[in-house]
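*Asks:*
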Amino acid sequence: MPLAKRIIPCLDVDQGRVVKGIQFVDLVDAGDPVEQAQVYNREGADELVFLDITATHEGRGIIHEIVRRTAEQVFIPLTVGGGIRTMEDMRDMLHAGADKVAINSAAIKTPDLITECGRAFGAQCVVVAIDVKRRRQGGWEVYTHGGRRPTGIDGLQWAIEVETRGAGELLVTSMDRDGTQIGYDIELLQEIDRRVQLPVIASGGAGTVEHFRDALMVGRAHAVLAASMFHFKQVTLSEVKQFLHDSGITVRRI
Amino acid sequence: MIAIIDYGIGNLRSIERALQHVSDHVVRTDNPETILQAQRLILPGVGAFGACIEEVRKRQLEQPILDAVARKIPFLGVCVGMQMLFETSSELGIHAGLGLMKGHIRELSPPDSALKVPHMGWNIVKPLCQNVLFDGIPDHAYCYFAHSFYATENDPNDVIASTEYGEELPVAFASDHVYGVQFHPEKSHNIGLRILSNFATLA
Numbered sequence: 248m249p250l251a252k253r254i255i256p257c258l259d260v261d262q263g264r265v266v267k268g269i270q271f272v273d274l275v276d277a278g279d280p281v282e283q284a285q286v287y288n289r290e291g292a293d294e295l296v297f298l299d300i301t302a303t304h305e306g307r308g309i310i311h312e313i314v315r316r317t318a319e320q321v322f323i324p325l326t327v328g329g330g331i332r333t334m335e336d337m338r339d340m341l342h343a344g345a346d347k348v349a350i351n352s353a354a355i356k357t358p359d360l361i362t363e364c365g366r367a368f369g370a371q372c373v374v375v376a377i378d379v380k381r382r383r384q385g386g387w388e389v390y391t392h393g394g395r396r397p398t399g400i401d402g403l404q405w406a407i408e409v410e411t412r413g414a415g416e417l418l419v420t421s422m423d424r425d426g427t428q429i430g431y432d433i434e435l436l437q438e439i440d441r442r443v444q445l446p447v448i449a450s451g452g453a454g455t456v457e458h459f460r461d462a463l464m465v466g467r468a469h470a471v472l473a474a475s476m477f478h479f480k481q482v483t484l485s486e487v488k489q490f491l492h493d494s495g496i497t498v499r500r501i
Numbered sequence: 002m003i004a005i006i007d008y009g010i011g012n013l014r015s016i017e018r019a020l021q022h023v024s025d026h027v028v029r030t031d032n033p034e035t036i037l038q039a040q041r042l043i044l045p046g047v048g049a050f051g052a053c054i055e056e057v058r059k060r061q062l063e064q065p066i067l068d069a070v071a072r073k074i075p076f077l078g079v080c081v082g083m084q085m086l087f088e089t090s091s092e093l094g095i096h097a098g099l100g101l102m103k104g105h106i107r108e109l110s111p112p113d114s115a116l117k118v119p120h121m122g123w124n125i126v127k128p129l130c131q132n133v134l135f136d137g138i139p140d141h142a143y144c145y146f147a148h149s150f151y152a153t154e155n156d157p158n159d160v161i162a163s164t165e166y167g168e169e170l171p172v173a174f175a176s177d178h179v180y181g182v183q184f185h186p187e188k189s190h191n192i193g194l195r196i197l198s199n200f201a202t203l204a
């Protein structure tokens with residue numbers, strides 16, 4: 248039996264509240280993160296991702312507190328990302344109760360951070376988040392700072408480098424699809440799968456159960472992440488898992 | 002009282018809170034006296050084997066642990082805590098374990114190269130015999146794993162559950178009142194809580 252494919256609700260947190268935007272802007276309030284985490288835990292989420300999108304320094308303490316409170320009540324793996332700049336930041340998150348930490352802009356700025364964190368805490372807790380946008384001339388470009396800053400870096404090349412530097416997992420977000428609910432960028436997932444061995448979490452575009460199936464079967468992702476679909480209760484985790492199970496995909500059902 | 006042995010490595014909050022779900026008397030301790038008085042002991046562990054066992058020894062907790070085990074109280078090792086129950090580990094050099102169970106800790110090398118190391122994620126734990134630790138656990142129950150090393154060359158009588166990852170891996174052990182699980186019950190949702198509850202209530 249292979250490992251179960253994971254279904255991961257994502258909570259974008261701003262100033263202590265869950266928010267959700269479309270293509271990284273137009274945020275709407277979607278509730279209390281700890282309460283929301285408990286609901287997803289009960290419904291059978293395989294893992295939770297918290298992305299701290301608070302830009303301010305004061306916001307940092309809030310996310311620690313949210314992670315700490317969640318880890319005390321939710322007994323599934325927790326991944327936390329957003330604003331992680333140093334090894335110290337990562338250590339603090341792990342101490343707050345995160346099982347894995349996602350780095351994005353800092354990995355681009357200081358690629359050695361991937362290797363150093365992997366050595367210090369184990370590669371399994373180092374997730375590199377890659378936000379990409381399609382280029383008109385083909386391919387994908389990496390963006391940082393919550394999708395605000397283009398880097399000129401090729402997404403597929405970056406995925407390869409991230410693997411070489413010793414990350415444990417990739418969280419790949421298509422900015423073109425984020426919040427649109429028109430489906431994951433399957434071609435992007437396939438191109439990455441062709442180049443790296445690392446487990447890939449597909450993100451950006453989930454709108455129907457078929458989208459999950461396609462990302463896992465056609466895009467060969469190891470996990471699928473979604474926010475709006477679950478926040479706005481368009482589908483429950485158990486409905487998703489039933490559908491995937493019926494489609495012949497190994498999922499953990501509770 | 003269930004005592005979690007705290008030798009300064011890793012975050013024990015998850016396992017502590019998971020145990021508090023199933024028991025009213027949970028403490029975290031590095032005090033040899035408390036370890037000797039506990040009715041049940043949990044030995045957690047994350048990271049490298051050598052670093053963990055070294056901290057246990059540096060804090061002079063090895064003898065109290067062995068004495069507590071000699072008193073026949075229920076004892077549960079989790080993840081690297083489980084690995085420390087065995088004779089040796091070859092993770093980053095050769096390290097002696099507590100020697101409470103027969104076997105050695107070696108690196109995973111799945112026969113299928115598509116299977117990655119670490120073995121990380123949700124996998125099915127298959128009980129191999131009747132054991133109170135798995136009371137009420139359905140067939141095909143998933144538990145959460147995150148490890149690159151595993152226990153091998155065991156006494157087959159000690160192996161109470163296995164998981165398939167390219168090959169059959171022994172992932173839960175029982176030898177008299179000493180138990181060990183390679184997965185993380187504190188991250189394995191209701192299945193994990195049930196296993197901890199079984200441990201907290203076993204006679």
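If you read the protein sequences in the order shown, they are chains A and B. The end of the first sequence is residue 501 by our numbering, with every number in the run present. The end of the second sequence is residue 204 by our numbering, with every number in the run present. For glycine and all other residues, C-beta sits at the position ideal for the given N, C-alpha and C.
For HIS105 of chain B, which residues from the same chain have a beta carbon less than 8 Å from its beta carbon, with the 5 sequence-adjacent residues on both sides left out?
*Replies:* Excluding positions up to five away in sequence, the list reads PHE87, GLU88, THR89, SER90, SER91, ALA152, THR153 and GLU154.
*Asks:* Taking a Cβ distance cut-off of 8 Å, strictly less, list which residues of the segment 317–331 of chain A are near chain B, in chain order.
*Replies:* Those would be ALA318, GLU319, GLN320, PHE322, ILE323 and PRO324, in chain order.
*Asks:* Given a cut-off of 8 Å on the beta-carbon distance, is the pair GLY394 of chain A and ILE429 of chain A in contact?
*Replies:* It is not a contact, given that the beta carbons lie outside the stated cut-off.
*Asks:* Among A:VAL348, A:PRO324, A:PHE322 and A:GLU319, which one has its Cα closest to the Cα of ARG332 of chain A?
*Replies:* Nearest of A:VAL348, A:PRO324, A:PHE322 and A:GLU319 to ARG332 of chain A, Cα basis: A:VAL348.
*Asks:* So that I know if they touch, is there some Cβ in chain B lying closer than 8 Å to that of HIS492 of chain A?
*Replies:* With 8 Å as the cut-off, HIS492 of chain A does not count as an interface residue toward chain B.
*Asks:* Would you mind listing the beta strand (DSSP E) stretches within the segment 138–183 of chain B that are 3+ residues and don't spill past its ends, in chain order?
*Replies:* Segments of the beta strand (DSSP E) lying fully in the segment 138–183 of chain B: 142–148, 150–153, 160–165, 169–176 and 179–182.
*Asks:* Within the same chain, show all residues whose beta-carbon is closer than 8 Å to that of GLY1 of chain B, passing over the 5 residues directly before and after it, in chain order.
*Replies:* Here chain B comprises residues numbered 2 to 204, so residue 1 of chain B is not present and cannot be evaluated.
*Asks:* Start and end of the beta strand (DSSP E) containing PHE297 of chain A?
*Replies:* Note, PHE297 of chain A: beta strand (DSSP E), 295–299.
*Asks:* To the nearest angstrom, how far is the alpha carbon of ARG14 of chain B from that of ARG338 of chain A?
*Replies:* Their backbone Cα atoms lie some 15 Å apart in a straight line.
*Asks:* Name, please, each residue of chain C whose Cβ falls closer than 8 Å to the Cβ of LYS73 of chain B.
*Replies:* The structure shown contains no chain C; the protein chains it does contain are A and B.
*Asks:* Who are the near neighbours of PHE135 of chain B in its chain, counting only those whose CB is closer than 6 Å to its CB and skipping five residues on each side?
*Replies:* So the list reads PRO128, once near-sequence residues are dropped.
*Asks:* List the endpoints of the continuous beta strand (DSSP E) containing HIS105 of chain B.
*Replies:* Run containing HIS105 of chain B: 105–108, per the beta strand (DSSP E) assignment.
*Asks:* By the criterion of Cβ-Cβ separation under 8 Å, what are the contact partners of LEU77 of chain B in chain A?
*Replies:* Result: empty, since nearest Cβ-Cβ is about 16 Å, beyond 8 Å.
*Asks:* Quick check: the Cα distance between ASN132 of chain B and ASP113 of chain B, rounded to an integer number of angstroms?
*Replies:* C-alpha separation (whole angstroms): 31 Å.
*Asks:* Between the segment 186–195 of chain B and the segment 155–170 of chain B, can you find at least three pairs of beta-carbon atoms closer than 8 Å?
*Replies:* Judged by Cβ distances under 8 Å, the segment 155–170 of chain B makes no contact with the segment 186–195 of chain B, as fewer than three pairs qualify.
*Asks:* Let me confirm a value: ASP378 of chain A is counted as buried when at least 16 other C-beta atoms fall within 10 Å, else exposed. Which label applies?
*Replies:* By the neighbour-count rule (16 or more Cβ atoms within 10 Å), ASP378 of chain A is buried.
*Asks:* Which residues in the same chain have their Cβ closer than 8 Å to the Cβ of GLY386 of chain A, if we skip the five residues on either side of it in sequence?
*Replies:* ASP401, GLY402 and LEU403.
*Asks:* Is the beta carbon of TYR8 of chain B sitting closer than 8 Å to the one on GLU56 of chain B?
*Replies:* The answer is yes: Cβ separation under 8 Å.
*Asks:* Give the residues of chain B in contact with ARG502 of chain A, contact being defined as C-beta atoms less than 8 Å apart.
*Replies:* This structure leaves residue 502 of chain A out entirely; chain A is present only between 248 and 501.
*Asks:* Hey, is ARG253 of chain A's beta-carbon within less than 8 Å of any beta-carbon in chain B?
*Replies:* Yes, contact with chain B.
*Asks:* Please classify ARG383 of chain A as buried or exposed, where buried requires at least 16 other C-beta atoms within 10 Å of its C-beta.
*Replies:* Flag for ARG383 of chain A reads exposed.
*Asks:* Under three-state DSSP, which class holds ASN288 of chain A?
*Replies:* Helix, per DSSP.
*Asks:* Let's see if you can read the secondary structure: which residues bound the beta strand (DSSP E) around GLU388 of chain A?
*Replies:* Unbroken beta strand (DSSP E) run through GLU388 of chain A: 387–391.
*Asks:* Going by other Cβ atoms of all chains shown within 10 Å of its Cβ, with 16 needed for buried, is PHE200 of chain B buried or exposed?
*Replies:* Looking at its Cβ environment, which holds 16 or more other Cβ atoms inside 10 Å, PHE200 of chain B is buried.
*Asks:* Taking HIS22 of chain B as part of the beta strand (DSSP E), name the residues at either end of that continuous run.
*Replies:* Counting along the chain, HIS22 of chain B falls outside any beta strand (DSSP E), though it belongs to the alpha helix (DSSP H) covering 14–23.
*Asks:* Does the segment 25–38 of chain B come into contact with the segment 488–497 of chain A, if we say contact requires no fewer than three beta-carbon pairs (one atom in each stretch) closer than 8 Å?
*Replies:* In short, these stretches do not touch, since the Cβ pair count stays below three.
*Asks:* Would you say GLN489 of chain A reaches chain B, if we count a Cβ-Cβ gap shorter than 8 Å as a contact?
*Replies:* Not an interface residue.
*Asks:* Let's test the definition: count the other Cβ atoms within 10 Å of the Cβ of LEU258 of chain A and tell me whether it reaches 16, buried, or not, exposed.
*Replies:* Buried, because 16 or more other Cβ atoms sit within 10 Å of the Cβ of LEU258 of chain A.
*Asks:* What residues from chain B crowd round ASP276 of chain A, counting only those whose CB sits closer than 9 Å?
*Replies:* Those do not exist, as ASP276 of chain A stays about 28 Å from chain B at its closest Cβ, beyond 9 Å.
*Asks:* Report the option in A:THR301, A:LYS252, A:LEU250 and A:LYS267 whose CA atom is closest to the CA atom of ASP261 of chain A.
*Replies:* The shortest C-alpha separation from ASP261 of chain A is found at A:THR301.
*Asks:* Are at least three pairs of beta-carbons, each pair with one atom in the segment 136–143 of chain B and one in the segment 96–110 of chain B, less than 8 Å apart?
*Replies:* Because the criterion of three Cβ pairs below 8 Å is not met, the segment 136–143 of chain B and the segment 96–110 of chain B do not touch.
*Asks:* Using only the alpha-carbon positions, how far apart do THR362 of chain A and LEU445 of chain A sit?
*Replies:* Looking at the two C-alpha atoms, the distance is approximately 15 Å.
*Asks:* Alpha carbon to alpha carbon, how far is HIS392 of chain A from VAL375 of chain A?
*Replies:* Taking the straight line joining both Cα atoms gives about 14 Å.
*Asks:* Leaving out five residues on either side along the sequence, give the residues of the same chain with a beta carbon under 6 Å from the beta carbon of ARG60 of chain B.
*Replies:* Correct list, in chain order: TYR8 and ASP31.
*Asks:* Residues in the same chain with beta-carbon distance under 8 Å from ARG41 of chain B, minus the five sequence neighbours each way, listed in chain order, please.
*Replies:* For ARG41 of chain B, where only same-chain residues beyond five positions count, the Cβ hits under 8 Å are MET2, ILE3, ALA4, ILE74, PRO75, PHE76, LEU77, PHE200 and ALA201.
*Asks:* Can you check whether the C-beta of HIS342 of chain A is within less than 8 Å of a C-beta belonging to chain B?
*Replies:* It does; some Cβ of chain B falls within 8 Å.
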